[in-house]
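Heads up, this note's numbering is the position in the sequence shown plus 1119, with the first residue counted as 1.
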Amino acid sequence: MATKTDRLDMRLTTEQKDLLERAAAISGQPLTGFALSHLLEAAQDLIESHQRTVLSLQDGRRFLEILEADEVPAPALTAALRRRRARRA
1120 MATKTDRLDM RLTTEQKDLL ERAAAISGQP LTGFALSHLL EAAQDLIESH QRTVLSLQDG
1180 RRFLEILEAD EVPAPALTAA LRRRRARRA
């Protein structure tokens, strides 16, 4: 397990802290453990939802058809890809 050396400080209202302390007590966890586990879970969920695209069955089939097609890319798309590669270099 990695050594925990970094810190995260937050300012809360009294009501916010009371709410978190109450929830932590109900869950049987110390406040910091409760807060950390829920922050990490929320962060992971947000990142996953941002990186994932869900398609309907019909859209998924159409997407695969497009990927498998032997068509030449549009000139504008090719130019955009060249510009992007140039910016990254």
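Each residue gets a CB set at the ideal place from its N, CA and C atoms; glycine is no exception.
Computed from a predicted model, the values in this text were never measured in an experiment.
Close beta carbons around residue i, own chain, < 8 Å, minus the five adjacent residues each side
i     : result
A1154 : L1139, A1143
Contact under 8 Å by Cβ, residue i with residue j
i     : j     : result
F1182 : L1174 : yes
Close Cβ partners of residue i (< 6 Å) along its chain, the five nearest in sequence each way excluded
i     : result
D1178 : none
L1158 : none
Contact set for residue i: own chain, Cβ-Cβ below 7 Å, skip 5 residues either direction
i     : result
P1149 : A1143
A1121 : none
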